[in-house]
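To start, the structure under review is shown below, and the notes come after it.
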Amino acid sequence: MHAQDIFNQTATAFSFEFFPPKTPEAAESLYASMRELEALKPHFVSITYGAGGSTRDLTHDLVVKVKQETTLEPVPHLTCVCHSEAEINAILERYARAGIGNILALGGDVPKALAGHDRARDAFRYAADLVRHIRRFNERYAKGLHPDPRGFGIGVAGYPEGHPTTPNRVRELDLLKAKIEAGADYICTQLFFDNRDFYDFRDRCSLVGVTVPIVAGIMPITSLKGMMGMADMALGCRFPAPLMRAVNRTGGDPDSVRRVGIHWATEQCRDLLDHRVRGLHFYTLNRSTATREIYLNLGVKDSRGPVSGIGGGVWTTPA
Ligand code: FAD
1 MHAQDIFNQT ATAFSFEFFP PKTPEAAESL YASMRELEAL KPHFVSITYG AGGSTRDLTH
61 DLVVKVKQET TLEPVPHLTC VCHSEAEINA ILERYARAGI GNILALGGDV PKALAGHDRA
121 RDAFRYAADL VRHIRRFNER YAKGLHPDPR GFGIGVAGYP EGHPTTPNRV RELDLLKAKI
181 EAGADYICTQ LFFDNRDFYD FRDRCSLVGV TVPIVAGIMP ITSLKGMMGM ADMALGCRFP
241 APLMRAVNRT GGDPDSVRRV GIHWATEQCR DLLDHRVRGL HFYTLNRSTA TREIYLNLGV
301 KDSRGPVSGI GGGVWTTPA
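Residues in the sequence shown are numbered consecutively from 1, following my numbering.
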């Protein structure tokens, strides 16, 4: 389903993120998680895109498998880095034929293994260039190739705490706006732990005229090691002092760290829902337990139920 239709039909859309598994065991574990998370009826699931050729094929294969073998709506990530225009077109054609509704268009980073890679060889430099290209693809080729005559819906990344390579936060908003003006339909954010950062980002977007839905990225802390990994993965991501104090109080006990992390993420979600967030995106790390626990804590069994604005909930008097 096209992103515009998803966000028009729901007050809050729910989505989960997966990455392509590299071993048969990891694949088994991912499919088990997917089956468990499928029961929560997310509006879509997004699938990350790596930098090397073989991991890229894993993404394409996983996206098509999810589309064909589950009820989940896969949103593949696609990056500019290390791609020619012909390669991007081949991927778009494959996704169009498979009936993929939406793509998350990203700049991507040059992987460490390809440190000398010359970006001038890439067809597209920034995510905005890729968004523009997907739009052109939609206009020229979607009819006949894609089941939706509008072609792909397009998402882009946003950074409530700022992107590490753009220290000028005013210019950064202009660059984000350029992605929307190029044709993006929604923004999905980097993970964050202080909702005030998200609300301020949302306000700043509104001030510069960015009005597309903004989906909040949530990643519960489930271990100390994972927390360190997040700090590395989402560069610039801030752990607020109350969260650090709460983790500190556990003395490092694994079960207690996990409880603190799930509780924090649950409270983030509850508060975001109270503040009419347009979407909650869970970075699952291919596991289902933490996300399911947050749903349980929120009292939600079905992403398409009252929590999404569909159905009246318990306070509606039956007609
Ligand atoms: P862009 O929007 O192109 O921005 C990149 C940087 O360049 C920013 O600092 C921006 O401000 C700046 N910039 C943009 N336009 C211009 C311009 N015209 N002139 C000068 N500077 C400019 N990475 C992956 O490899 N695979 C994934 O699957 C993946 N999924 C992600 C999902 C989400 C929700 C998020 C938030 C990030 C994801 N990333 C992924 C990481 C992302 O690719 C990196 O953070 C990358 O550095 C920036 O990507 P972007 O799409 O924000 O790029």
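All C-beta atoms, glycine included, are put in the ideal place defined by N, C-alpha and C. As the structure is a prediction and not an experimental result, all values here were calculated from the model.
Going along the chain, which residues of its own chain have a beta-carbon closer than 6 Å to the beta-carbon of residue 19, five neighbours each way excluded? Position 19 of the sequence shown holds residue 19. Result list for residue 19: 48, in chain order.
Between the segment 8 to 28 and the segment 262 to 278, are three or more C-beta pairs nearer than 8 Å? yes
Measure the alpha-carbon distance for residue 288 versus residue 295 and round it to whole angstroms. Counted from its first residue, the sequence shown places residue 288 at position 288. Counted from its first residue, the sequence shown places residue 295 at position 295. Residue 288 and residue 295: Cα-Cα distance of roughly 11 Å.
Reference residue 224; option with closest CA among 250, 59, 210, 207: Translated into the one-based positions of the sequence shown, residue 224 becomes position 224. Residue 250 is the option with its Cα nearest to residue 224.
What residue range does the beta strand (DSSP E) around residue 17 cover? Working through the sequence shown from its first residue, we reach residue 17 at position 17. Residues 13 to 18.
Residue 60 vs residue 123 beta-carbon contact at 8 Å: For the purposes of this step, residue 60 is identified with residue 60 of the sequence shown, where counting begins at 1. For the purposes of this step, residue 123 is identified with residue 123 of the sequence shown, where counting begins at 1. Not in contact: residue 60 and residue 123 (Cβ atoms no closer than 8 Å).
Are residue 189 and residue 215 closer than 8 Å when you measure CB to CB? Your numbering for residue 189 matches position 189 in the sequence shown. Your numbering for residue 215 matches position 215 in the sequence shown. Contact annotation: residue 189 and residue 215 have beta-carbon atoms nearer than 8 Å.
Can you pull the DSSP bridge partners for residue 102? Taking the sequence shown and counting its residues from 1, the one referred to as residue 102 is at position 102. DSSP, once it has assigned bridges, lists 153 as partnering residue 102.
Closest Cα partner of residue 65 within the set 30, 106, 90, 255: Residue 65 sits at position 65 when you count from the first residue of the sequence shown. When each option's Cα is compared against that of residue 65, the closest is 30.
Which residues bound the alpha helix (DSSP H) around residue 7? Within the sequence shown, numbered from 1, the residue matching residue 7 stands at position 7. Residue 7: member of the alpha helix (DSSP H) spanning 3 to 9, first to last residue.
Taking its Cβ as the centre, do 16 or more other Cβ atoms sit within 10 Å of residue 315, making it buried, or is it exposed? Position 315 of the sequence shown holds residue 315. The C-beta of residue 315 has fewer than 16 other C-beta atoms within 10 Å across all chains shown, which makes the residue exposed.
Taking Cβ to Cβ, would you say residue 44 is nearer than 8 Å to residue 138? Residue mapping note: residue 44 aligns to position 44 of the sequence shown, counting from 1. Residue mapping note: residue 138 aligns to position 138 of the sequence shown, counting from 1. In this structure, residue 138 does not lie closer than 8 Å to residue 44 by Cβ.
Between which residues of its own chain and residue 131 is the CB-CB distance below 7 Å, once the five residues before and five after are set aside? For the purposes of this step, residue 131 is identified with residue 131 of the sequence shown, where counting begins at 1. Closer than 7 Å at the Cβ level, and outside the excluded window around residue 131, lie 105, 154, 156, 179, 182, 183, 184.
Is any heavy atom in the ligand FAD found nearer than 7 Å to the beta carbon of residue 163? Here residue 163 refers to the residue found at position 163 when the sequence shown is read from its first residue. Answer for residue 163: yes, Cβ within range of the ligand FAD.
Nearest neighbour of residue 129, chosen from 171, 162, 15, 85 [CA to CA]: If you number the sequence shown from 1, residue 129 lands on position 129. If we check each option's Cα against that of residue 129, 85 comes out closest.
For residue 310, which residues from the same chain have a beta carbon less than 7 Å from its beta carbon, with the 5 sequence-adjacent residues on both sides left out? Indexing the sequence shown from 1 puts residue 310 at position 310. Only 10, 304 meet the Cβ criterion.
If distances are taken between C-alpha atoms only, which option among 194, 283, 187 comes closest to residue 4? Counting from 1 along the sequence shown, the entry for residue 4 is found at position 4. Cα-wise, what sits closest to residue 4 is 187.
For the candidate residues 149, 94, 168, 87, whose alpha-carbon lies nearest to that of residue 121? Position 121 of the sequence shown holds residue 121. When each option's Cα is compared against that of residue 121, the closest is 87.
Would you check whether the ligand FAD has a heavy atom nearer than 7 Å to the C-beta of residue 272? For the purposes of this step, residue 272 is identified with residue 272 of the sequence shown, where counting begins at 1. Residue 272: no, Cβ never under 7 Å from the ligand FAD.
Considering residue 43, what are the terminal residues of the alpha helix (DSSP H) in which it resides? Against the sequence shown, residue 43 aligns to sequence position 43. No alpha helix (DSSP H) holds residue 43; DSSP gives it neither H nor E.
Beta-carbon gap between residue 191 and residue 283 smaller than 8 Å: Locating residue 191 in the sequence shown gives position 191, counting from the first residue. Locating residue 283 in the sequence shown gives position 283, counting from the first residue. Yes.
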